[in-house]
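Trainee: Sequences listed follow chains F and H, in order. For the first sequence, position 75 (counting from the first letter as 1) is numbered 74 according to numbering that gives the first Met the number 0, and the numbering increases by one without interruption. For the second sequence, position 150 (counting from the first letter as 1) is numbered 149 according to numbering that gives the first Met the number 0, and the numbering increases by one without interruption.
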Amino acid sequence: METIGKDGVKESAWIEEARREDVIACRYCDGIHLRMALLPGEAAICLRCDSILYRNDMKQRDVRLSLVLAAIAFFIISNVYPIAEISIQGVKVEATIWECIDRMNVEHMVLLSLFLVATTIVFPLAEMSMMAFSLIRKDGKKRRPSGRLVLFLNSLRPWSMIEIYMLGMLVTFGKVSSMASVIPGVAAVSMALLVVILAGMLAFDFSDLWN
Amino acid sequence: MELGESDHRMLASVRSAKQMGLLSCRTCHQIHVQSMEQLRCVQCGRKLQQRKTNSVTRSWMLLAAAMLAYFPAILFPITVIQTSAGKTNSALISRVIDLWLAGDGLVALLMLATSVMFPLAKIVSLAVLLLSVERRSIWHLRKKTRLFRFLEIVSRWTMLDVFVVILLTSFVQAGNIAKIIPGPGILSFSAVVLLTMIASRTFDSRLLWDSLDE
Numbered sequence: 000m001e002t003i004g005k006d007g008v009k010e011s012a013w014i015e016e017a018r019r020e021d022v023i024a025c026r027y028c029d030g031i032h033l034r035m036a037l038l039p040g041e042a043a044i045c046l047r048c049d050s051i052l053y054r055n056d057m058k059q060r061d062v063r064l065s066l067v068l069a070a071i072a073f074f075i076i077s078n079v080y081p082i083a084e085i086s087i088q089g090v091k092v093e094a095t096i097w098e099c100i101d102r103m104n105v106e107h108m109v110l111l112s113l114f115l116v117a118t119t120i121v122f123p124l125a126e127m128s129m130m131a132f133s134l135i136r137k138d139g140k141k142r143r144p145s146g147r148l149v150l151f152l153n154s155l156r157p158w159s160m161i162e163i164y165m166l167g168m169l170v171t172f173g174k175v176s177s178m179a180s181v182i183p184g185v186a187a188v189s190m191a192l193l194v195v196i197l198a199g200m201l202a203f204d205f206s207d208l209w210n
Numbered sequence: 000m001e002l003g004e005s006d007h008r009m010l011a012s013v014r015s016a017k018q019m020g021l022l023s024c025r026t027c028h029q030i031h032v033q034s035m036e037q038l039r040c041v042q043c044g045r046k047l048q049q050r051k052t053n054s055v056t057r058s059w060m061l062l063a064a065a066m067l068a069y070f071p072a073i074l075f076p077i078t079v080i081q082t083s084a085g086k087t088n089s090a091l092i093s094r095v096i097d098l099w100l101a102g103d104g105l106v107a108l109l110m111l112a113t114s115v116m117f118p119l120a121k122i123v124s125l126a127v128l129l130l131s132v133e134r135r136s137i138w139h140l141r142k143k144t145r146l147f148r149f150l151e152i153v154s155r156w157t158m159l160d161v162f163v164v165i166l167l168t169s170f171v172q173a174g175n176i177a178k179i180i181p182g183p184g185i186l187s188f189s190a191v192v193l194l195t196m197i198a199s200r201t202f203d204s205r206l207l208w209d210s211l212d213e
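1. When DSSP labels each residue in this structure, what does residue 36 of chain H get in the three-state scheme?
2. Output, in chain order, the set of chain H residues within a Cβ distance shorter than 7 Å of residue 33 of chain F.
3. Quick check on residue 152 of chain F - is its C-beta less than 7 Å from some C-beta in chain H?
4. Is it buried or exposed, residue 47 of chain F, if we count other Cβ atoms within 10 angstroms and call 16 or more buried?
5. Using a threshold of 7 Å, state whether the C-beta atoms of residue 115 of chain H and residue 146 of chain H are closer than that.
6. Against chain H, with Cβ distances strictly below 7 Å, would residue 171 of chain F count as a contact?
7. Who are residue 84 of chain F's beta bridge partners in DSSP?
8. Just to confirm the assignment, what range does the beta strand (DSSP E) spanning residue 43 of chain F have?
9. In whole angstroms, what separates the C-alpha of residue 161 of chain H from that of residue 189 of chain H?
10. Starting from residue 117 of chain F, follow its DSSP beta bridges and name the residues at the other end.
11. Can at least three beta-carbon pairs, one atom from the stretch 53–71 of chain H and one from the stretch 194–201 of chain H, be found at a separation below 8 Å?
12. Helix, strand or coil for residue 22 of chain F, going by three-state DSSP, please let me know.
13. With 7 Å as the threshold, decide whether the Cβ of residue 63 of chain F is near any Cβ in chain H.
14. I want to see whether chain H comes within less than 7 Å of residue 56 of chain F, judged by CB atoms only; does it?
15. Take the Cβ of residue 107 of chain F as the centre, count every other Cβ of all protein chains shown within 10 Å, and call the residue buried at 16 or more, exposed below.
16. Is there at least one Cβ from chain F nearer than 7 Å to residue 201 of chain H's Cβ?
17. Do residue 164 of chain F and residue 95 of chain F have their C-beta atoms within less than 7 Å of each other?
18. Count the C-beta pairs between the stretch 66–77 of chain F and the stretch 122–132 of chain F that are closer than 8 Å, then say yes if the count reaches three, no if not.
19. Below 9 Å on C-beta distance, what does residue 37 of chain F contact in chain H?
20. Taking the beta strand (DSSP E) that residue 178 of chain H belongs to, which residues open and close that run?
21. Going along chain H in order, which residues have a C-beta closer than 8 Å to the C-beta of residue 157 of chain F?
22. Tell me which same chain residues have a C-beta within less than 6 Å of the C-beta of residue 179 of chain H, skipping the five on either side of it?
23. Taking the alpha-carbon of residue 117 of chain F as reference, which of F:179, F:159 and F:187 has the nearest alpha-carbon?
24. If you count every other CB in all the chains shown that lies within 10 Å of the CB of residue 162 of chain F, and 16 or more means buried, which is it?
25. Kindly say whether residue 96 of chain F, judged by its beta-carbon, lies nearer than 7 Å to any beta-carbon of chain H.
26. Run through DSSP, which three-state label would residue 39 of chain F get?
27. Say whether chain H places a C-beta atom closer than 7 Å to the C-beta of residue 46 of chain F.
28. Got a sec? Which residues, its chain only, sit under 8 Å from residue 32 of chain F by beta carbon, not counting five neighbours each side?
29. Between residue 140 of chain H and residue 47 of chain H, is the Cβ-Cβ spacing less than 7 Å?
30. Assuming residue 29 of chain H contacts residue 41 of chain H under a Cβ cut-off of 8 Å, what Cβ separation, rounded to an integer in Å, is found between them?
31. Within the continuous alpha helix (DSSP H) that includes residue 191 of chain H, where are the two ends?
32. Establish whether the CB of residue 182 of chain F and some CB of chain H are separated by less than 7 Å.
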């Protein structure tokens with residue numbers, strides 16, 4: 000096998016033996032490293048660029064599945080109930096997330112409403128349900144979920160903006176509170192909890208879904 | 000040859016996969032031989048690529064579009080406030096100036112920093128990274144990689160302004176007393192954020208390090 004290396008034969012042998020799971024290339028600088036066993040909670044850092052190569056997180060399937068299912072439950076609640084009730088000089092406005100989307104359509108900002116639907120409804124729901132699906136299927140007959148599914152799942156992650164929507168909510172409440180009375184609704188609370196769960200899910204390593 | 004911090008660590012014989020004739024699958028990190036480029040990954044079925052296709056070209060195009068969208072985003076009104084007194088168009092720049100003149104210097108600076116400067120900083124950072132790759136610079140490679148990782152995480156949060164306007168529009172609808180509707184600037188602002196997000200995804204930071212290996 001040919002490798003561009005100073006030591007010629009020596010490197011070939013190393014690569015030959017260590018091919019499959021033992022070698023990893025850094026995502027950010029392409030540096031080649033040998034995989035090592037890690038203690039729980041440890042992370043391996045690239046020698047060249049200091050980014051994390053791989054981690055050893057908790058992999059208990061049961062906990063992850065219940066987290067994902069809880070997330071879906073909170074998500075549904077956030078969609079059904081109103082975010083808040085705001086009264087400006089006696090005029091009450093109560094709105095759910097769907098009413099926000101509708102408002103954008105009314106104001107002729109169709110692109111914005113599409114964007115909102117996509118980033119706060121479609122993408123998070125798709126991501127969560129695919130994750131739940133993969134976790135459930137993992138112990139079934141077919142061990143490996145479709146590679147394309149996992150690929151798609153990973154590419155969706157940055158586009159799921161529900162946490163930012165949550166922060167936007169808080170900022171808006173703050174801004175409006177000077178001229179109106181703000182009563183946070185059920186959806187505000189459930190969305191806050193959803194954000195916490197999503198943050199918690201980051202602590203778990205999902206890369207074993209395709210191993 | 001200026002390498003930046005900790006030269007000795009970088010020279011600590013860490014080879015890149017490309018140098019060793021290897022290819023790493025982007026999703027499952029399975030290592031393959033270089034000749035398998037354009038074929039499917041053995042573990043997850045994804046098409047293998049040594050580097051992201053046309054990374055520099057595509058990122059520059061997206062960045063140029065973002066630069067163009069930046070000016071209307073700042074100058075055109077993003078909210079239109081209708082009160083019983085009449086309509087007020089409010090662009091980001093004008094809001095900052097108004098706050099400053101009203102004596103609310105601290106909030107004005109905060110707004111300037113987050114809504115005006117931050118998207119600009121993102122654009123400039125990406126431009127720096129792209130220029131770095133084109134000029135095969137090896138200055139402070141680790142700092143630049145760290146910058147890139149930071150951009151990846153923080154990019155989406157720049158959308159905050161847009162969400163605040165959307166929510167304000169939804170709630171401040173008290174007929175004649177006060178009504179907020181989104182202005183034309185909001186679309187340009189969203190465009191800037193989205194374009195910089197996509198630009199940082201098409202950029203392959205490994206290209207920065209290829210200059211070291213050459």
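All residues carry an ideal CB built from backbone N, CA and C; glycine is no exception. Remember, it's a predicted structure, so these values are computed and weren't measured experimentally.
Mentor: On the basis of the coordinates in this document:
1. Walking along the second sequence from the start, residue 36 of chain H turns up at place 37. Reduced to three states, the DSSP call for residue 36 of chain H is coil.
2. Working through the first sequence from its first residue, we reach residue 33 of chain F at position 34. Near residue 33 of chain F there are no residues of chain H at all, since even the closest Cβ is about 11 Å away, more than 7 Å.
3. Here the question's residue 152 of chain F lines up with position 153 in the first sequence. By this cut-off, residue 152 of chain F is not an interface position.
4. Here residue 47 of chain F refers to the residue found at position 48 of the first sequence. So residue 47 of chain F ends up on the buried side.
5. Within the second sequence, residue 115 of chain H is the residue found at index 116, counting from 1. Within the second sequence, residue 146 of chain H is the residue found at index 147, counting from 1. Cβ atoms of residue 115 of chain H and residue 146 of chain H: not closer than 7 Å.
6. Stepping through the first sequence from its first residue, residue 171 of chain F is reached at position 172. Yes, contact with chain H.
7. Counting from 1 along the first sequence, the entry for residue 84 of chain F is found at position 85. Residue 84 of chain F is bridged to F:93 and F:182.
8. Against the first sequence, residue 43 of chain F aligns to sequence position 44. Taken as a continuous stretch (DSSP letters only), the beta strand (DSSP E) holding residue 43 of chain F covers 42–44.
9. Residue mapping note: residue 161 of chain H aligns to position 162 of the second sequence, counting from 1. Residue mapping note: residue 189 of chain H aligns to position 190 of the second sequence, counting from 1. Near 7 Å, if we compare the C-alpha coordinates of residue 189 of chain H and residue 161 of chain H.
10. Walking along the first sequence from the start, residue 117 of chain F turns up at place 118. Per DSSP, none; premise fails for residue 117 of chain F.
11. yes
12. The residue labelled residue 22 of chain F in the question sits at position 23 within the first sequence. Residue 22 of chain F: strand per DSSP, three-state reduction.
13. As a first step, residue 63 of chain F is located in the first sequence; it is residue number 64 there, counting from the start. Closer than 7 Å: no.
14. Within the first sequence, residue 56 of chain F is the residue found at index 57, counting from 1. Residue 56 of chain F does not count as touching chain H.
15. Stepping through the first sequence from its first residue, residue 107 of chain F is reached at position 108. Label assigned to residue 107 of chain F: exposed.
16. The residue labelled residue 201 of chain H in the question sits at position 202 within the second sequence. No, residue 201 of chain H lies away from the interface with chain F (no Cβ there is under 7 Å from its Cβ).
17. For this step, residue 164 of chain F is matched to residue 165 along the first sequence. For this step, residue 95 of chain F is matched to residue 96 along the first sequence. No; because the gap between Cβ atoms is not below 7 Å, this pair is not in contact.
18. yes
19. In the first sequence, the residue the question calls residue 37 of chain F occupies position 38. Correct list: empty, because the minimum Cβ distance to chain H is about 15 Å.
20. Position 179 of the second sequence holds residue 178 of chain H. Its beta strand (DSSP E) spans residues 177–181.
21. Here the question's residue 157 of chain F lines up with position 158 in the first sequence. Per Cβ cutoff of 8 Å: 151, 154, 155, 196 and 200.
22. Walking along the second sequence from the start, residue 179 of chain H turns up at place 180. If we look at residue 179 of chain H and ignore the five residues flanking it on each side, its Cβ neighbours are 78, 80, 167, 168 and 171.
23. Counted from its first residue, the first sequence places residue 117 of chain F at position 118. Among F:179, F:159 and F:187, the Cα nearest to that of residue 117 of chain F belongs to F:159.
24. Walking along the first sequence from the start, residue 162 of chain F turns up at place 163. Residue 162 of chain F is buried by the Cβ-count criterion.
25. In the first sequence, residue 96 of chain F corresponds to position 97, counting from 1. Chain H, which has no Cβ nearer than 7 Å to the Cβ of residue 96 of chain F, makes this no.
26. As a working note, residue 39 of chain F is residue 40 in the first sequence. Reduced to three states, the DSSP call for residue 39 of chain F is coil.
27. Within the first sequence, numbered from 1, the residue matching residue 46 of chain F stands at position 47. Chain H contact via Cβ: present.
28. In the first sequence, counting from the first residue as 1, residue 32 of chain F sits at position 33. So the list reads 22, 23, 24, 25, 43, 45, 46 and 52, once near-sequence residues are dropped.
29. Within the second sequence, the letter at position 141 stands for residue 140 of chain H. Within the second sequence, the letter at position 48 stands for residue 47 of chain H. It is not a contact, given that the beta carbons lie outside the stated cut-off.
30. Taking the second sequence and counting its residues from 1, one reaches residue 29 of chain H at position 30. Taking the second sequence and counting its residues from 1, one reaches residue 41 of chain H at position 42. Right, their Cβ atoms sit about 6 Å apart.
31. Against the second sequence, residue 191 of chain H aligns to sequence position 192. Residues 184–201.
32. The count along the first sequence starts at 1 and reaches residue 182 of chain F at position 183. No, residue 182 of chain F does not count as interfacial toward chain H.
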